[in-house]
Amino acid sequence: MPIFDTLRSMMIAVVLIFVSSLDAAEYALIADNLIDGRSNQSLKNKAVLIKDHKISAVVNVNDIPKKITKINLAGTTLMPGMINAHEHPLLYKNDYQNGHLQASSAYKALIGLSTLQGLLEAGWTTIRVMGDGDVYYANQDIRKVIDNDIFLGPRLTGAGHYISITGGGGDINFMSPEQPVIADGLIADGPDEIRKAIRQEIKYGSDWIKIMVTGAFMSVGDNPKNVAFSPEELSAAIEEASRHNIPVAAHAHATEGVNQAIIAGARSIEHGSYLDERSIDLMVDHGTFYVPTIYVGDYYANSGKLLAQSKNDDFYLSFRDDWLKMIGKAYRAGVKIAVGSDLCGYAVEPHVCAREFATLIEAGLTPMDAIKAGTIVGAELLQWDDKVGSIEAGKLADIIAVKGDPLADISKLERPVFVMKNGKIIINKLDNYSALTP
Ligand SMILES: [Zn+2]
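Position 216 of the sequence shown, counting from 1, maps to 216 under UniProt numbering, and the rest follow consecutively.
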């Protein structure tokens, strides 16, 4: 209707004028320490200059140009905005496979936007969506309204759905055969259906393909120790995605599934709970990224918060120690490890996502390398390291500040006091400012 269209255009114009007017300023951010995402130590007496959405320079405090607006963040450490390489923003209940059946795509889009804004306030400026519980493509729509400056939110990339076999981790396996429910995942069997599923994902805006190579922990009626897709299906998936220049993320727990996915050419292995020595060698040889998503298991173990929780507890607690040792081995062998939380949907407070850093340190990463796993290595995984992931001249100004020294206390990453995305201040708790909840 013309009247509605006119009103809508006016509203969008007002929002755009408001957003752009806040972006025009030039800033110098001054904190006690700077972790730039590249150096192995934090740097002192540095200021980060911001102009036109970008970092224009990193200078000594004495060299800050006179006329520039100074933002004093004394008592804090500046670092790159955090990158979460594994998230499902639309999940709004712990019981995600039932919740999926009870809400429209529109409802999930609104819930997902709220979730993502919470994550942005918690310092996650970039998020890779690893498929989600929605029949349509709500995350791709959320991405559009963020990219077009209609709403604030993190940078998004990722897959609309997880592609699963019939009866696999992305299927609904607890209904009677008479109930024709649409699964949370995209179900595809055989190379032809997989190719079609991938083409559909790309058509509607996915810039990653997510495949459920093995069963999952948190779905009902499948087994994470089983390999779901055959080698033919797996190579068809990667060959199809590669022809469109789209990377594949492989959800894989079972050893054989991990190894087959690496050999087939997946860009990242998600979880990898039963990886072995060969998996580590293969990841090094193929340059595969590894996103272990450890803390989600700790969060749910014995909590009784999840429908399929008893399955998760039995498996998870039996292998956690061995798994962390293998993650440490993978790290020392040179595997590129990235941070993914796999946890922070609407039902979970956003700050807990950053507990993944502590589990990586427990597995053997140094605090600085854990921070790099959630910044520059995540950016390399996304092939966005030319624009985000470090504090360097020319990069987009995605920057956070945390109180004190996160290298001494990694839990500081849970509650940043300052968040900037694309040169725009999202929150500044030292100044009681929030662009999201004014
Ligand atoms: Zn996941």
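All residues carry an ideal CB built from backbone N, CA and C; glycine is no exception.
From a predicted model like this one, the values you see are computed outputs, not experimental measurements.
Nearest in C-alpha terms to A138, of all of H88, G170, F174, is H88. With a cutoff of 7 Å on beta-carbon distance, K46 and L29 are scored as not near each other. Proximity of the beta carbon of D147 to ligand 1 is not indicated: no heavy atom of the ligand is located closer than 6 Å. One thing to note: V402 has its Cβ within 7 Å of the Cβ of T77.
By the CB criterion at 7 Å, G169 and D222 fall inside the cutoff. Under the DSSP assignment, H286 falls in the alpha helix (DSSP H) whose first and last residues are 277 to 286. Residue environment analysis places D431 among the exposed positions, since fewer than 16 neighbouring C-beta atoms fall within 10 angstroms of its C-beta. The three-state reading of DSSP puts W384 in coil, since its state is none of H, G, I, E or B.
Taking 7 Å as the cut-off, the beta carbon of T255 is found closer than this to the beta carbon of D276.
Per the C-alpha coordinates, the member of H351, G374, T359 positioned closest to D321 is T359.
Taking the CA atoms as reference points, H86 sits about 9 Å from L343. Judged by the Cβ position, D342 qualifies as a neighbour of ligand 1 at the 6 Å threshold, a heavy atom of the ligand being closer than this. For A47, the enclosing beta strand (DSSP E) starts and ends at 46 to 51.
In the assembly as shown, V129 is a buried residue. Its beta-carbon has 16 or more other beta-carbons within 10 Å. Relative to the non-hydrogen atoms of ligand 1, the Cβ of M212 never comes closer than 6 Å to any of them. Per DSSP, Y107 lies in no beta strand (DSSP E) segment; the continuous alpha helix (DSSP H) that holds it begins and ends at 105 to 121.
The continuous alpha helix (DSSP H) containing I263 extends over residues 255 to 264. When only Cα atoms are considered, L101 and T366 end up about 42 Å apart.
At the C-beta level, L90 and K108 come within 7 Å of one another. In the assembly as shown, D63 is an exposed residue. Its beta-carbon has fewer than 16 other beta-carbons within 10 Å. K421 and A373 have their alpha carbons spaced roughly 19 Å apart. With a 10 Å radius around the Cβ and a threshold of 16 neighbouring Cβ atoms, L317 comes out exposed. With a contact defined as Cβ atoms closer than 8 Å, I426 and V419 qualify at about 4 Å. When secondary structure is reduced to three states using DSSP, L430 falls in the helix class. Taking non-hydrogen atoms of ligand 1 into account, the C-beta of M283 is found less than 6 Å away from none of them. Taken atom to atom, the span from the alpha-carbon of K196 to that of I165 is near 14 Å. Contact between G153 and L110 is absent: CB atoms are separated by about 12 Å, not below the 8 Å threshold. Residue pairing from DSSP leaves I198 without any beta-bridge partner. Judged by beta-carbon spacing, I391 lies within the 7 Å limit of P80, meaning their Cβ atoms are closer than that value. Judged by their CB atoms, L413 and T157 are not nearer to each other than the 7 Å cut-off.
As the crow flies, the alpha-carbon of A74 is around 47 Å from that of P224. Rounded to whole angstroms, the gap between the alpha carbons of N40 and T375 is 13 Å.
Assigned with DSSP and collapsed to three states, R243 falls in helix.
Residue range 124 to 130 is occupied by the beta strand (DSSP E) that includes R128. Contact between T214 and A266 does not hold, since the beta-carbon distance rounds to 12 Å and is not under 8 Å. The continuous alpha helix (DSSP H) containing D369 extends over residues 367 to 373.
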